[in-house]
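The structure appears right after this line, and notes come after that.
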Amino acid sequence: MRYAMAVDTKKCVGCSDCVVACQTENNVPIGYCRDWIVEVTDGTYPQLELEIRSERCNHCANAPCVRCCPTGASHYADGGIVLVTEDMCIGCGACIASCPYDARYPHPDGYADKCTFCIHRVEKGQKPACVEVCPTKCLYFGDLDDPNSDVSKVLKKRKYKTLIPEAGTKPQLYFLI
Amino acid sequence: MNQTRREFLKISGLGIGGVALTAPLFNWSNGAIASDQNPAEEDFVNRTPTYCEVCFWKCAGWVYKNEEGNIWKIIGHDEDPHCNGRLCPRGTGGVGMYYDEDRLKTPLIRKIVDGKQQFVEASWDEALEVVANNLNKVKEKYGPECTALFTHGSGGKFFGDLLRAFGSENITAPSFAQCRGPREVAFLATFGEIIASPERVDIRDTKCLVLIGSHIGENMHNGQVQEMSDAIDKGATIITVDPRFSTAASKSKHWLPIKPATDIALLLAWIHEIIYNEWYDKKYVEKYCYGFEELREHVKNFTPEWAYGITALKPHVIRETAKEMANASPATIIHPGRHVTWYGDDTQRLRAVAILNALLGSWGRRGGFYSPEKKSLPGFPHPEYPKPKKTWRDAHPGKYNLAIEVVSNDICDSTIPTPDRDCNFKAWIVNGTNLIFTLPDQRKTLEAIQNLEFMVVIDTMPMEITGYADVVLPECTYLERYDYCRTDQNREPSIALRMPATEPKYNSKPDWWIVRQLASKMGLDNYFQWTDIEQVLDWQLKQVGSSLEEMKKIGVKKFPRAYDDMYFGEGEEIEFNTNTGKIELYSTDLEAEGFDPMPVYTPHKEPDPGYYRLNYGRNPAHTFSRTANNPNLTDLLDENTLWVNPIVAKEWDLKRGQKVWLENQDGIVSTFSIKVRITERIRHDSVYMVHGFGHAEKRLTRSYGKGVSDTELITNVMTDPIMGGTGMRGNFVTFRIDNPHKEEVAS
Numbered sequence: 000m001r002y003a004m005a006v007d008t009k010k011c012v013g014c015s016d017c018v019v020a021c022q023t024e025n026n027v028p029i030g031y032c033r034d035w036i037v038e039v040t041d042g043t044y045p046q047l048e049l050e051i052r053s054e055r056c057n058h059c060a061n062a063p064c065v066r067c068c069p070t071g072a073s074h075y076a077d078g079g080i081v082l083v084t085e086d087m088c089i090g091c092g093a094c095i096a097s098c099p100y101d102a103r104y105p106h107p108d109g110y111a112d113k114c115t116f117c118i119h120r121v122e123k124g125q126k127p128a129c130v131e132v133c134p135t136k137c138l139y140f141g142d143l144d145d146p147n148s149d150v151s152k153v154l155k156k157r158k159y160k161t162l163i164p165e166a167g168t169k170p171q172l173y174f175l176i
Numbered sequence: 000m001n002q003t004r005r006e007f008l009k010i011s012g013l014g015i016g017g018v019a020l021t022a023p024l025f026n027w028s029n030g031a032i033a034s035d036q037n038p039a040e041e042d043f044v045n046r047t048p049t050y051c052e053v054c055f056w057k058c059a060g061w062v063y064k065n066e067e068g069n070i071w072k073i074i075g076h077d078e079d080p081h082c083n084g085r086l087c088p089r090g091t092g093g094v095g096m097y098y099d100e101d102r103l104k105t106p107l108i109r110k111i112v113d114g115k116q117q118f119v120e121a122s123w124d125e126a127l128e129v130v131a132n133n134l135n136k137v138k139e140k141y142g143p144e145c146t147a148l149f150t151h152g153s154g155g156k157f158f159g160d161l162l163r164a165f166g167s168e169n170i171t172a173p174s175f176a177q178c179r180g181p182r183e184v185a186f187l188a189t190f191g192e193i194i195a196s197p198e199r200v201d202i203r204d205t206k207c208l209v210l211i212g213s214h215i216g217e218n219m220h221n222g223q224v225q226e227m228s229d230a231i232d233k234g235a236t237i238i239t240v241d242p243r244f245s246t247a248a249s250k251s252k253h254w255l256p257i258k259p260a261t262d263i264a265l266l267l268a269w270i271h272e273i274i275y276n277e278w279y280d281k282k283y284v285e286k287y288c289y290g291f292e293e294l295r296e297h298v299k300n301f302t303p304e305w306a307y308g309i310t311a312l313k314p315h316v317i318r319e320t321a322k323e324m325a326n327a328s329p330a331t332i333i334h335p336g337r338h339v340t341w342y343g344d345d346t347q348r349l350r351a352v353a354i355l356n357a358l359l360g361s362w363g364r365r366g367g368f369y370s371p372e373k374k375s376l377p378g379f380p381h382p383e384y385p386k387p388k389k390t391w392r393d394a395h396p397g398k399y400n401l402a403i404e405v406v407s408n409d410i411c412d413s414t415i416p417t418p419d420r421d422c423n424f425k426a427w428i429v430n431g432t433n434l435i436f437t438l439p440d441q442r443k444t445l446e447a448i449q450n451l452e453f454m455v456v457i458d459t460m461p462m463e464i465t466g467y468a469d470v471v472l473p474e475c476t477y478l479e480r481y482d483y484c485r486t487d488q489n490r491e492p493s494i495a496l497r498m499p500a501t502e503p504k505y506n507s508k509p510d511w512w513i514v515r516q517l518a519s520k521m522g523l524d525n526y527f528q529w530t531d532i533e534q535v536l537d538w539q540l541k542q543v544g545s546s547l548e549e550m551k552k553i554g555v556k557k558f559p560r561a562y563d564d565m566y567f568g569e570g571e572e573i574e575f576n577t578n579t580g581k582i583e584l585y586s587t588d589l590e591a592e593g594f595d596p597m598p599v600y601t602p603h604k605e606p607d608p609g610y611y612r613l614n615y616g617r618n619p620a621h622t623f624s625r626t627a628n629n630p631n632l633t634d635l636l637d638e639n640t641l642w643v644n645p646i647v648a649k650e651w652d653l654k655r656g657q658k659v660w661l662e663n664q665d666g667i668v669s670t671f672s673i674k675v676r677i678t679e680r681i682r683h684d685s686v687y688m689v690h691g692f693g694h695a696e697k698r699l700t701r702s703y704g705k706g707v708s709d710t711e712l713i714t715n716v717m718t719d720p721i722m723g724g725t726g727m728r729g730n731f732v733t734f735r736i737d738n739p740h741k742e743e744v745a746s
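Protein chains in written order, with numbering that gives the first Met the number 0: chain R, 0 to 176; chain Z, 0 to 746.
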């Protein structure tokens with residue numbers, strides 16, 4: 000089992016619904032977020048291109064945050080989801096510094112926090128909150144080992160890229176282009 | 000009350016005496032539950048139905064509470080045709096309206112204390128007594144018709160009932176004359192029907208979607224955003240006309256970076272191309288349309304080459320896009336937009352849009368415009384309301400005869416006395432609309448308010464308008480109250496229930512309760528033969544075979560359509576609701592009123608050197624000025640920025656993030672500064688900002704002083720002579736680099 004997410008940059012309008020839905024679902028304190036929007040404008044008026052991406056933890060298969068965690072708080076869970084065990088985390092911040100995607104933040108309660116792919120929902124057969132809420136249905140989630148999962152199907156059909164592949168982290172967040 | 004000078008009262012710190020408030024503290028982090036062990040939805044049986052009040056798409060959803068019984072999250076209702084189970088960021092962030100600690104907490108009355116005007120905290124009984132007495136006083140002195148209601152929210156329907164019982168029909172919403180009015184009047188004149196909300200556009204099945212200044216995606220009207228995404232999936236062609244590279248423009252096959260204020264020229268050239276290339280739907284036009292020959296003659300000279308000189312759009316682009324529209328027809332939508340009060344000739348521009356749709360045969364066709372249906376609920380029985388002797392139209396006889404709703408800015412104008420007019424408004428009830436940020440030309444709004452004998456404002460937040468009120472009443476948020484059911488149109492008729500998820504916070508009350516109490520105090524009990532809203536809702540629902548009990552469980556109920564087909568049948572005989580019974584390419588209504596029966600392009604003023612056209616729009620996380628203080632939504636965007644083209648930035652030596660003040664053509668300088676965003680996404684002759692920021696009310700602690708209010712810079716208002724709409728895009732600003740508000744004393 001290998002959980003992954005695909006983001007359709009052709010459909011995403013950057014509305015940030017994924018951000019608010021994650022915040023309310025996971026009680027992320029106001030002022031922090033586990034996912035966010037990036038808009039990249041390229042060109043000169045009027046020859047322009049805009050890429051909009053909903054970003055979050057890449058749940059890397061070769062995750063620097065897991066490797067550098069001194070206590071083992073950062074770990075791989077089933078399906079390759081990268082998680083933090085809050086009461087094992089000493090808040091040293093090594094993982095935050097090691098992440099090329101800047102996906103982690105220091106939670107005010109003293110631990111490193113980030114996207115969990117809503118594992119508490121996924122375990123019950125639900126989709127992550129961001130996927131469930133997205134008005135443009137631009138987020139696809141599922142098991143890459145299952146050829147019939149939403150994410151497998153869309154990655155088979157469409158061109159995609161990952162972010163900072165040169166970091167060698169084997170990210171599991173795919174951007175449809 | 001002091002009627003000669005209405006000082007703006009800041010609500011903070013002025014309360015004397017007191018009502019003890021017990022504000023429950025909100026625990027954002029929900030204790031120390033590990034995020035990956037959060038209980039899932041089914042663990043909470045305690046969910047209640049609602050429909051959203053953050054914008055007027057009114058998506059239905061479920062409010063979930065956590066183990067402590069606090070509101071946790073709002074999730075879209077799967078059965079709801081407005082949202083299909085997915086709320087937008089504002090709906091998801093609606094919880095912030097409830098938790099906002101800056102909310103109005105208790106009734107306030109303007110009193111003179113130690114020679115100074117102050118707001119004094121009051122009991123509901125005392126405050127409502129003051130409201131009832133003052134409204135009755137105005138009624139005795141001037142007649143009930145001199146009271147007007149401004150409302151923009153579901154609770155306003157109860158105040159509407161109150162005003163009708165009182166004897167006035169002057170009930171107005173800025174959603175007409177500051178927003179969609181021109182499109183409704185234009186489509187009514189053309190097809191005999193209005194667009195209404197949610198828009199009857201069949202985006203889901205369209206092959207070609209044309210957006211003119213309409214920025215779906217930044218404007219998060221949920222169903223439309225969802226359907227535009229579906230259309231992208233299905234490979235539909237999107238054509239976007241906008242001087243700004245909007246999100247929608249970035250999703251488009253063709254982006255037409257038009258010179259602002261020239262849209263009618265483009266539309267006429269498209270009409271020209273479609274007629275003279277014979278790309279129009281001949282059978283449809285012949286069968287259903289009136290005035291084709293006149294139109295053909297009218298647009299004879301409006302070639303793409305003619306339009307090029309006006310719009311700066313190349314002729315081949317105009318031709319190519321016209322051809323694309325025709326190829327996809329009748330599954331082509333030239334979208335009528337929503338906020339369309341731009342240049343004062345807006346009804347005519349929307350007429351051109353309607354005509355183009357008619358030529359392509361998209362009205363009544365799949366992928367064009369469908370026929371919506373709604374399930375109306377009968378009103379709770381009451382004695383017939385008194386017939387008003389005057390309406391708002393009597394203030395200006397013969398003006399805006401084609402307006403189909405009350406013109407809010409006309410009520411404002413008619414509140415400022417003139418010797419030639421005997422009908423002046425003397426009292427305003429303002430519910431859920433911050434008129435200071437809603438009506439253009441704030442100077443006029445403030446002058447009107449100074450001439451009022453009484454104003455009561457009912458709101459959840461200490462918006463600017465509350466500072467001018469005689470009485471401020473804190474309504475509770477939509478999450479804490481019942482309202483009338485939502486019955487808005489869609490492909491299939493449905494009703495949605497809003498019920499309280501929790502008790503009202505602080506000393507706030509639902510609008511139905513406020514109105515019911517006022518009715519008693521004003522001697523209007525016989526028009527309200529109910530004591531509790533549940534009684535009303537249950538009675539209404541039982542008339543259509545449901546009940547309050549059922550709706551509490553299901554939230555949304557769908558009904559079968561009365562007419563099977565959403566589209567015209569092949570060769571179907573149709574009588575349109577116009578004078579000719581046809582789709583009027585040539586408008587007999589407009590002609591009869593002395594207006595151009597077919598749209599004409601007239602040039603609009605261009606910016607003077609050093610000035611830039613002020614364009615404004617929406618951000619997906621916000622609705623008007625009402626969400627600017629919502630903790631969840633300010634977390635996404637807490638101030639607006641000024642979009643400036645790099646060429647302009649270079650000329651002015653502006654740096655990214657630099658704060659500037661803006662001065663408009665009338666010398667009005669922005670109260671606050673705004674950060675510059677240097678971007679290629681805006682034309683060199685315009686600047687752009689998101690509407691609704693720059694709040695001057697300190698009690699809005701998160702939004703005070705953040706960004707600039709576009710409204711305060713909109714002092715040139717180009718009024719649409721046809722329906723009274725306020726054209727707001729003819730304002731030009733220049734940059735003030737140094738703080739213009741600093742004190743300089745010479746001695």
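Beta carbons are placed, not taken as given, at the ideal position from N, Cα and C, and that holds for glycine.
Answer yes or no: does any C-beta atom of chain Z fall closer than 9 Å to that of N57 (chain R)? no
Alpha carbon to alpha carbon, how far is S507 (chain Z) from N25 (chain R)? 29 Å
May I ask you to verify whether the region 612 to 619 of chain Z touches the region 714 to 734 of chain Z, counting CB pairs closer than 8 Å and requiring at least 3? yes
For the pair the region 525 to 538 of chain Z and the region 136 to 143 of chain Z, tell me if three or more CB-CB distances fall below 8 Å. no
Using DSSP with H/G/I as helix, E/B as strand and the rest coil, what is D112 (chain R)? strand
Which residues in the same chain have their Cβ closer than 6 Å to the Cβ of H381 (chain Z), if we skip the five residues on either side of it in sequence? Y526
Could you tell me whether any non-hydrogen atom of the ligand ATP is closer than 8 Å to the CB of A648 (chain Z)? Looking at this structure, you won't find the ligand ATP or any other ligand, since it has none at all.
Which of the three DSSP states, helix, strand or coil, is assigned to Y481 (chain Z)? coil
Can you pull the chain Z residues whose beta carbon is under 8 Å from the beta carbon of T70 (chain R), in chain order? Those do not exist, as T70 (chain R) stays about 16 Å from chain Z at its closest Cβ, beyond 8 Å.
C-beta atoms of T239 (chain Z) and V209 (chain Z) nearer than 9 Å: yes
Cα-Cα, which of Z:F436, Z:S153 and Z:G593 is closest to L401 (chain Z)? Z:G593
Taking the beta carbon of N326 (chain Z) as the centre, do at least 16 other beta carbons fall within 10 Å, making it buried, or is it exposed? exposed
Using three-state DSSP, classify Y384 (chain Z) as helix, strand or coil. coil
Reducing DSSP to helix, strand and coil, say where M717 (chain Z) ends up. strand
Unbroken stretches of the alpha helix (DSSP H), 4 residues or longer, contained in the region 305 to 386 of chain Z: 314 to 327 and 345 to 358
For the structure I just gave you, are there three or more beta carbon pairs, one from the region 264 to 275 of chain Z and one from the region 293 to 304 of chain Z, closer than 8 Å? yes
If you run the structure through DSSP and keep just helix, strand and coil, what is F118 (chain Z)? strand
Could you compute how far the alpha carbon of A102 (chain R) sits from the alpha carbon of I95 (chain R)? 7 Å
Do P619 (chain Z) and V12 (chain R) have their CB atoms nearer than 9 Å? yes
Within chain Z, partners of S15 (chain R) - CB distance below 7 Å: P88, P619, A620 and L635
DSSP three-state call for D35 (chain Z): helix, strand or coil? Its pLDDT being 33, under 50, D35 (chain Z) is placed unreliably by the model, and the measurement read from it follows with that caveat. D35 (chain Z): helix per DSSP, three-state reduction.
Could you tell me whether the Cβ atoms of T550 (chain Z) and K556 (chain Z) are closer together than 9 Å? Thr is not the amino acid found at residue 550 (chain Z); the sequence shown has Met there. Closer than 9 Å, so yes.
Residue environment, P107 (chain R), which counts as buried when at least 16 other CB atoms sit within 10 Å: exposed
Per DSSP, which one or two residues make a beta bridge with Y505 (chain Z)? The partner list for Y505 (chain Z) (beta bridge, DSSP) is empty, contrary to what the question assumes.
Please list the partners that A192 (chain R) has in chain Z, where partner means a Cβ-to-Cβ separation under 9 Å. As shown, chain R starts at 0 and ends at 176. That puts residue 192 (chain R) outside it, with no answer to give.
So C207 (chain Z) and T246 (chain Z) are in contact, right, with Cβ under 8 Å, and what is the actual spacing, rounded? Incorrect: roughly 19 Å between the Cβ atoms, too far for contact.
Identify each residue in the region 198 to 217 of chain Z for which the Cβ-Cβ distance to at least one residue of chain R is less than 9 Å, and report them in chain order. I215, G216 and E217
Taking DSSP's pairing of strands, which residues face C288 (chain Z) in a bridge? Z:I582
Between which two residues does the beta strand (DSSP E) holding E662 (chain Z) run? K658 to N663
I'd like to know if K388 (chain Z) contacts chain R, where contact means its C-beta is closer than 9 Å to some C-beta of that chain. no
Three-pair Cβ contact test at 8 Å for the region 572 to 579 of chain Z versus the region 188 to 196 of chain Z: yes
Cross-chain neighbours of W254 (chain Z) in chain R, by beta carbon under 9 Å: P45 and L47
How about G723 (chain Z) and N408 (chain Z): are their beta carbons less than 9 Å apart? yes
So, at 8 Å on beta carbons, what are the nonlocal neighbours of Q171 (chain R) in its own chain, with the 5 sequence-adjacent residues on each side left out? R1, Y2, A3, M4, N57, H58, C59, A60, G79 and L143
Where C183 (chain R) falls: helix, strand or coil (DSSP): There is no way to answer for residue 183 (chain R), as the model of chain R reaches only from 0 to 176.
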